[in-house]
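*Asks:* Quick one: structure below, then a few questions.
There are 2 protein chains.
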Amino acid sequence: MPSDTRNRIVNASAELFRRQGYTGTGLKQIVAEANAPFGSLYHFFPGGKEELGAEVIRVAGAFFGRLFGSIAAEAPDPIAAMDEFFSGAAKTLIDTDYADACPIATVALEVANINEPMRNATAEVFEAWIEQGTRGLMAAGLPQRQAREITIHMIAALEGAFILSRATRTTEPLQITGEALVCDLRLALGEPASRGAQRRGPTRRARPRPAATAKRS
Amino acid sequence: MPSDTRNRIVNASAELFRRQGYTGTGLKQIVAEANAPFGSLYHFFPGGKEELGAEVIRVAGAFFGRLFGSIAAEAPDPIAAMDEFFSGAAKTLIDTDYADACPIATVALEVANINEPMRNATAEVFEAWIEQGTRGLMAAGLPQRQAREITIHMIAALEGAFILSRATRTTEPLQITGEALVCDLRLALGEPASRGAQRRGPTRRARPRPAATAKRS
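Heads up: the sequence lines are chains A and B, in that order.
The opening residue of the first sequence carries number -1 in the numbering used here; numbering runs sequentially from there.
The opening residue of the second sequence carries number -1 in the numbering used here; numbering runs sequentially from there.
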């Protein structure tokens, strides 16, 4: 059986989980969306929906993890990268009619207390994101603890902003949390803490600077 | 039929939505948990699960809204109130084995693109929370726009931290986002931006101060 059938099943599942959650997605709907024969699902995922669900979480998690990592590690300017990440997320929400947010969050909330293997899969993804973001911000010059704190805050704020933005059908929450995170990152990197990208001064090299030493003028 | 049966149905539903989501909760499970006859559900909620779901969102939303409002409006010290709110949320998560987080978030993600009346109910709750928090922070001396931005950021960070904390079964995300929000609020109110409650100086009166004027030393 061609392995691109497997990919189509995983991608269709990720899309459906994003839009309607894990519990509300049936196997028949998955194979229909994936344009795959029903038997192929159990061929590739003998454990059924739970095995497929864990694989979707891992695949989608790895994809988003690369995005988080890129905020600092692959970008010459982590502040601009953070800004673009939130702007890009807002644009994607509009383009997809507020459907295409995080493929992990809905499932994570649904399964946290009722399905331990699935909860573990979501925890592994979040922990990988936190590690990737932390490494990226350390490469930009932040000490380990602060890089980890900013990364966790960023992922939490992003996930929560997705909830508010999808519910209210406005990108305001994403825009506001993005600006706040950019502001925090500028402070942490020792740049002036002006709020909002459009009010930023020219980009300068990042320097390590603990947030705890930031003082008001 | 006694109206406390109605309350038991609403409370049991809120508890079940919190733990396993809206889609994964069946009406039979609700009446069993509520210790109510099956017919009573349709007696009080002729529209069935959707009408009940919207009522649960409104009731739970109003309860949490009072908490958000109290952060500034009813507290003499909004910074201490913000700090205690996140600490209290972390303690509740531990006490309830990481189940008892927000009763709105899971439902909001599940229904955002597939059930417009339910999405509207979640949007109304989030908008009410934003208004209550904004009024509270304005009462503490912040200008309207900044009060709204901090409130939205706080709700987003809290909701996202719940996702991360429940998935990873650690209160670290709640603790870190709480400290970051306290730090932002201190900056906004013109207090020194030391990170972490335990490193705070003595509490002073809040003064309005736009975040955009905060400068590094």
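Ideal Cβ positions, reconstructed from N, Cα and C, are used throughout, including at glycine.
Could you check the C-alpha separation between residue 193 of chain A and residue 25 of chain A for me, to the nearest Å?
*Replies:* By one-based count along the first sequence, residue 193 of chain A stands at place 195. By one-based count along the first sequence, residue 25 of chain A stands at place 27. Any answer about residue 193 of chain A is weak, because its pLDDT of 48 lies below 50 and its placement is not dependable; what the coordinates show is given next. Roughly 46 Å separates the two Cα atoms.
*Asks:* Where residue 171 of chain B and residue 154 of chain A are concerned, what is the direct C-alpha to C-alpha distance, given to the nearest angstrom?
*Replies:* For the purposes of this step, residue 171 of chain B is taken as residue 173 along the second sequence, with counting starting at 1. For the purposes of this step, residue 154 of chain A is taken as residue 156 along the first sequence, with counting starting at 1. One C-alpha to the other measures close to 7 Å.
*Asks:* With respect to the alpha helix (DSSP H) encompassing residue 115 of chain B, which residues constitute its N-terminal and C-terminal limits?
*Replies:* Indexing the second sequence from 1 puts residue 115 of chain B at position 117. First-last of the alpha helix (DSSP H) with residue 115 of chain B: 114 to 137.
*Asks:* Quick check: the segment 40 to 52 of chain B against the segment 4 to 24 of chain B, are at least 3 beta-carbon pairs closer than 8 Å?
*Replies:* Judged by Cβ distances under 8 Å, the segment 4 to 24 of chain B makes contact with the segment 40 to 52 of chain B, as three or more pairs qualify.
*Asks:* Measure the Cβ-Cβ separation of residue 62 of chain A and residue 99 of chain A and say whether it is below 8 Å.
*Replies:* Start at 1 with the first residue of the first sequence, and residue 62 of chain A comes out as number 64. Start at 1 with the first residue of the first sequence, and residue 99 of chain A comes out as number 101. Taking 8 Å as the Cβ cut-off, residue 62 of chain A and residue 99 of chain A do not qualify as a contacting pair.
*Asks:* Could you give the residue range of the alpha helix (DSSP H) that holds residue 153 of chain A?
*Replies:* What you label residue 153 of chain A is simply residue 155 of the first sequence in a count that begins at 1. Looking at the DSSP string, the run of the alpha helix (DSSP H) that includes residue 153 of chain A is 142 to 166.
*Asks:* Does DSSP put residue 86 of chain B in a helix, a strand or coil?
*Replies:* As a working note, residue 86 of chain B is residue 88 in the second sequence. Helix, per DSSP.
*Asks:* What does a CB cutoff of less than 7 Å around residue 37 of chain A pick up in its chain, not counting 5 residues either side in sequence?
*Replies:* Numbered from 1 along the first sequence, position 39 holds the residue referred to as residue 37 of chain A. Cβ within range, chain order: n/a, list empty.
*Asks:* Would you say residue 51 of chain B lies against chain A (beta-carbon separation less than 8 Å)?
*Replies:* Reading the second sequence from its first residue, position 53 is the one you call residue 51 of chain B. No, because no Cβ of chain A sits closer than 8 Å to the Cβ of residue 51 of chain B.
*Asks:* What residue range is occupied by the uninterrupted alpha helix (DSSP H) comprising residue 175 of chain A?
*Replies:* Within the first sequence, the letter at position 177 stands for residue 175 of chain A. Residues 170 to 186.
*Asks:* Among B:2, B:58 and B:42, whose alpha-carbon lies nearest the alpha-carbon of residue 14 of chain B?
*Replies:* Locating residue 14 of chain B in the second sequence gives position 16, where the first residue counts as 1. The candidate whose alpha carbon is nearest that of residue 14 of chain B is B:58.
*Asks:* My guess is that residue 184 of chain A and residue 77 of chain A are in contact by the Cβ rule of under 8 Å, so how many angstroms apart are they, rounded?
*Replies:* Reading the first sequence from its first residue, position 186 is the one you call residue 184 of chain A. Reading the first sequence from its first residue, position 79 is the one you call residue 77 of chain A. Indeed, because the Cβ distance is near 6 Å, the residues count as touching under 8 Å.
*Asks:* May I ask you to report which of helix, strand or coil DSSP gives residue 35 of chain B?
*Replies:* In the second sequence, the residue the question calls residue 35 of chain B occupies position 37. In this structure, residue 35 of chain B counts as coil in the three-state DSSP scheme.
*Asks:* Going by C-alpha distance, which of B:20, B:129 and B:96 is nearest residue 117 of chain B?
*Replies:* Within the second sequence, the letter at position 119 stands for residue 117 of chain B. Of B:20, B:129 and B:96, the residue nearest in Cα terms is B:20.
*Asks:* Name the two residues that bound the continuous alpha helix (DSSP H) containing residue 3 of chain A.
*Replies:* If you number the first sequence from 1, residue 3 of chain A lands on position 5. Per DSSP, residue 3 of chain A belongs to the alpha helix (DSSP H) from 1 to 18.
*Asks:* Rounded to whole angstroms, what's the CA-CA distance from residue 40 of chain B to residue 18 of chain B? Just pull it up for me.
*Replies:* Here residue 40 of chain B refers to the residue found at position 42 of the second sequence. Here residue 18 of chain B refers to the residue found at position 20 of the second sequence. Roughly 22 Å between the two C-alpha positions.
*Asks:* Which residues, taken in chain order from the segment 151 to 163 of chain A, show a beta carbon closer than 7 Å to some beta carbon of chain B?
*Replies:* Hits within the stretch, in order: 151, 153, 154, 155, 156, 157, 158, 159, 161 and 162.
*Asks:* If distances are taken between C-alpha atoms only, which option among A:128, A:22 and A:94 comes closest to residue 109 of chain A?
*Replies:* For the purposes of this step, residue 109 of chain A is identified with residue 111 of the first sequence, where counting begins at 1. For residue 109 of chain A, the nearest C-alpha among the options comes from A:22.
*Asks:* If we ignore side chains and look at the alpha-carbon of each, how far apart do residue 124 of chain B and residue 1 of chain A end up?
*Replies:* Position 126 of the second sequence, counted from the first residue, corresponds to residue 124 of chain B. Position 3 of the first sequence, counted from the first residue, corresponds to residue 1 of chain A. Between residue 124 of chain B and residue 1 of chain A, the C-alpha separation is close to 43 Å.
*Asks:* Determine the DSSP secondary structure at residue 53 of chain A, reduced to helix, strand or coil.
*Replies:* Taking the first sequence and counting its residues from 1, the one referred to as residue 53 of chain A is at position 55. Looking at residue 53 of chain A - three-state DSSP - the assignment turns out to be helix.
*Asks:* Taking residue 158 of chain B and residue 157 of chain A to be in contact with their CB atoms under 8 Å, please state how far apart those CB atoms are, rounded to whole angstroms.
*Replies:* Counting from 1 along the second sequence, the entry for residue 158 of chain B is found at position 160. Counting from 1 along the first sequence, the entry for residue 157 of chain A is found at position 159. Indeed they touch by this definition, with Cβ atoms about 4 Å apart.
*Asks:* Which residues of the segment 90 to 107 of chain A have a Cβ closer than 7 Å to any Cβ of chain B? Give them in chain order.
*Replies:* Result list: 96, 97, 103, 104, 106 and 107.
*Asks:* What residues of chain B sit near residue 114 of chain A, judged by a beta carbon separation below 7 Å?
*Replies:* The count along the first sequence starts at 1 and reaches residue 114 of chain A at position 116. Those do not exist, as residue 114 of chain A stays about 10 Å from chain B at its closest Cβ, beyond 7 Å.
*Asks:* If I measure Cβ to Cβ from residue 27 of chain B and keep anything under 7 Å in the same chain, skipping five residues before and after, which residues do I get?
*Replies:* Taking the second sequence and counting its residues from 1, the one referred to as residue 27 of chain B is at position 29. Result list for residue 27 of chain B: 14, in chain order.
*Asks:* Using a Cβ-Cβ distance under 8 Å, would residue 111 of chain A count as near chain B?
*Replies:* Counting from 1 along the first sequence, the entry for residue 111 of chain A is found at position 113. So, interface residue.
*Asks:* Any Cβ of chain B within less than 8 Å of the Cβ of residue 46 of chain A?
*Replies:* Here residue 46 of chain A corresponds to residue number 48 of the first sequence, with the count starting at 1. By this cut-off, residue 46 of chain A is not an interface position.
*Asks:* Run down chain A in chain order and give the residues with a C-beta less than 7 Å from the C-beta of residue 19 of chain B.
*Replies:* Residue 19 of chain B sits at position 21 when you count from the first residue of the second sequence. Within 7 Å Cβ-Cβ: 19, 21, 107 and 108.
*Asks:* Less than 8 Å between CB atoms is the rule here; does residue 56 of chain A satisfy it with respect to chain B?
*Replies:* Residue mapping note: residue 56 of chain A aligns to position 58 of the first sequence, counting from 1. No - not a single Cβ of chain B is within 8 Å of the one on residue 56 of chain A.
*Asks:* Chain B beta carbons: is any one of them nearer than 8 Å to that of residue 169 of chain A?
*Replies:* In the first sequence, counting from the first residue as 1, residue 169 of chain A sits at position 171. Not one chain B Cβ lies under 8 Å of residue 169 of chain A.
*Asks:* With DSSP as the reference, label residue 76 of chain A as helix, strand or coil.
*Replies:* Your numbering for residue 76 of chain A matches position 78 in the first sequence. DSSP places residue 76 of chain A in helix when its eight states are reduced to three.
*Asks:* Let's test the definition: count the other Cβ atoms within 10 Å of the Cβ of residue 4 of chain B and tell me whether it reaches 16, buried, or not, exposed.
*Replies:* For this step, residue 4 of chain B is matched to residue 6 along the second sequence. Result: buried.
*Asks:* In angstroms with no decimal places, state the Cα-to-Cα distance between residue 64 of chain B and residue 134 of chain B.
*Replies:* Within the second sequence, numbered from 1, the residue matching residue 64 of chain B stands at position 66. Within the second sequence, numbered from 1, the residue matching residue 134 of chain B stands at position 136. If you take the alpha carbons of residue 64 of chain B and residue 134 of chain B, they lie about 10 Å apart.
*Asks:* If we define contact as Cβ-Cβ less than 8 Å, is residue 31 of chain B a contact residue for chain A?
*Replies:* Counting from one through the second sequence, the residue named residue 31 of chain B turns up at place 33. Closer than 8 Å: no.
*Asks:* Could you tell me how far apart the beta carbons of residue 55 of chain B and residue 105 of chain B are, in whole angstroms, since I believe they sit closer than 8 Å?
*Replies:* For the purposes of this step, residue 55 of chain B is taken as the residue at position 57 of the second sequence. For the purposes of this step, residue 105 of chain B is taken as the residue at position 107 of the second sequence. With a Cβ gap of about 6 Å, residue 55 of chain B and residue 105 of chain B count as contacting.
*Asks:* For the segment 119 to 131 of chain B, which residues have a beta carbon sitting closer than 7 Å to at least one beta carbon of chain A?
*Replies:* Of all residues in the segment 119 to 131 of chain B, 120, 121, 124 and 125 have a Cβ within less than 7 Å of some Cβ in chain A.
*Asks:* Output needed for residue 16 of chain A: all residues of its chain with C-beta closer than 8 Å, excluding positions within five of it in sequence on either side, in chain order.
*Replies:* Numbered from 1 along the first sequence, position 18 holds the residue referred to as residue 16 of chain A. Result list for residue 16 of chain A: 97, 98, 99, 100, 101 and 104, in chain order.
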